[in-house]
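Plus 159 on top of the position in the sequence shown (first one is 1) and you've got this note's numbering. Backbone N, C-alpha and C define an ideal beta-carbon position, used for all residues, glycine too.
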Amino acid sequence: MNEVIQRFAELVLDGGLLSRGQAIALAEAGRADFEDLLYGSNRIRQRFFGDRIRICSIVPGRLGGCSQDCAFCAQSVRYDTAVDKTPKVFSDEEILSAAAAAKAGGVPHLGIVYSGKAVSEEELERLIRLIGRIREQTGLGVCVSLGILSEGQMRRLAAAGAERYNHNLETSERHFGQIVTTHAYADRVRTIEAALAAGLGVCAGGLFGVGETEADRIDMALAFRRLGADTVPMNFLHPIAGTPLGQMKTLEPREILRIIALYRFLLPTVNLKVAGGRVLNLRDLQSWIFAAGCTSILSGNYLTTAGRAVEEDMRMLRDLGLEPA
Ligand code: SF4
Numbered sequence: 160m161n162e163v164i165q166r167f168a169e170l171v172l173d174g175g176l177l178s179r180g181q182a183i184a185l186a187e188a189g190r191a192d193f194e195d196l197l198y199g200s201n202r203i204r205q206r207f208f209g210d211r212i213r214i215c216s217i218v219p220g221r222l223g224g225c226s227q228d229c230a231f232c233a234q235s236v237r238y239d240t241a242v243d244k245t246p247k248v249f250s251d252e253e254i255l256s257a258a259a260a261a262k263a264g265g266v267p268h269l270g271i272v273y274s275g276k277a278v279s280e281e282e283l284e285r286l287i288r289l290i291g292r293i294r295e296q297t298g299l300g301v302c303v304s305l306g307i308l309s310e311g312q313m314r315r316l317a318a319a320g321a322e323r324y325n326h327n328l329e330t331s332e333r334h335f336g337q338i339v340t341t342h343a344y345a346d347r348v349r350t351i352e353a354a355l356a357a358g359l360g361v362c363a364g365g366l367f368g369v370g371e372t373e374a375d376r377i378d379m380a381l382a383f384r385r386l387g388a389d390t391v392p393m394n395f396l397h398p399i400a401g402t403p404l405g406q407m408k409t410l411e412p413r414e415i416l417r418i419i420a421l422y423r424f425l426l427p428t429v430n431l432k433v434a435g436g437r438v439l440n441l442r443d444l445q446s447w448i449f450a451a452g453c454t455s456i457l458s459g460n461y462l463t464t465a466g467r468a469v470e471e472d473m474r475m476l477r478d479l480g481l482e483p484a
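What follows is the structure, given as structure tokens:
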């Protein structure tokens, strides 16, 4: 076993946290000894999470028509993509029916995701009422992703029964300007802090394969640790024609597994959710994500790209001897 990987695995298994310097050394060791890295990440996952895997699905509340310029996103009006430039707002009935389908498929958590920088007061009020109806009718945990909100707005969502707020950092502070210029990294950090202050759980993740360096990946993980995110969704670029990253080469499956393992070492008790880009990028290696340290998956379709049917994911978990949490 690689001596560096073994030493850091023991440190984490004993409740310690890796420093930035140790993370850099681990990333290098993991490139040379990939199987050893996965052996360590799997042990860490088992130590802190057992065999439980959390599953969630998402439904759009509003799709497309976004004024922002996130370089990967099909929903920005600035890029010529297949998504309509006029935003489509989903009705209460459409969202309730997605909630009922999630419940029927055995998925315990539903995320409602809005395109755009923020939502109007009117939209927020509608959602607050809707969260109550979803909770009442299905008992599902409801998470929301509505862009940049104030602490007061977050408090109203928490009072309505929302469990968790999703707001991604996307990449490191250093690399952020290469990906988004219409709002600042600091706006995202403030939103995450507002959600935490309001008592919501925080699901804050990022996107890999967008030209970031190893140091950017490590610094983003350390930002999640500092902020106190309880769930970190990991998305892997699915290049969308018409966006500035439309021609980007996708990451290799083993590289993705190495990144997940690095995050498991760095964030040992945080729920790591493999989300966008899983099916396209990992292909036959999808089931390896759990050995790499993943403890949660986004199942069903993504917002603008196809995912995998919930039944197929449930079967994968059963085949691996894992249990939906
Ligand atoms: S990621 Fe969100 S904020 Fe950025 S362009 Fe897409 S919908 Fe807009």
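Item, Value
"Distance, Cα to Cα, isoleucine 448 vs phenylalanine 193?", "13 Å"
"Between Arg206, Ala241, Gly265, Val248, which has its C-alpha nearest valine 469's C-alpha?", "Gly265"
"Can you tell me whether leucine 269 is helix, strand or coil according to DSSP?", "strand"
"Using a Cβ distance threshold of 8 Å, determine whether the segment 253 to 272 contacts the segment 196 to 216, with at least three qualifying pairs required.", "yes"
"For the beta strand (DSSP E) containing lysine 432, name the first residue and the last one.", "430 to 433"
"From leucine 381 to threonine 350, what distance separates their C-alpha atoms?", "17 Å"
"Hey, which unbroken runs of the alpha helix (DSSP H) at 4 residues or more fall wholly within the segment 210 to 275?", "251 to 263"
"Could you spell out where the beta strand (DSSP E) holding proline 392 opens and where it closes?", "390 to 395"
"Check whether the segment 165 to 176 and the segment 411 to 419 are in contact - that is, three or more C-beta pairs closer than 8 Å.", "no"
"Restricting to Cα atoms, I'd like to know which of Ser304, His342, Ser331 is closest to serine 226.", "His342"
"Strictly by DSSP, which residues pair up with phenylalanine 367?", "Phe395"
"How many angstroms separate the CA atom of glycine 405 from the CA atom of aspartate 173?", "43 Å"
"Compute the minimum distance between the beta carbon of cysteine 229 and the heavy atoms of the ligand SF4, and state whether it is under 7 Å.", "yes"
"Regarding serine 274 and the ligand SF4, is the C-beta to nearest heavy atom distance less than 7 Å?", "yes"
"Considering only residues of the segment 330 to 359, which uninterrupted alpha helix (DSSP H) runs meet the minimum length of 4 residues and lie entirely inside it, listed in chain order?", "332 to 338, 344 to 356"
"So, are the CB atoms of glycine 466 and leucine 457 less than 8 Å apart?", "yes"
"Pick out whichever of Met379, Asn201, Thr330, Ala357 has its Cα sitting closest to the Cα of valine 171.", "Asn201"
"Can you say whether glutamine 296 is buried or exposed, counting buried as having 16 or more other CB atoms within 10 angstroms of its CB?", "exposed"
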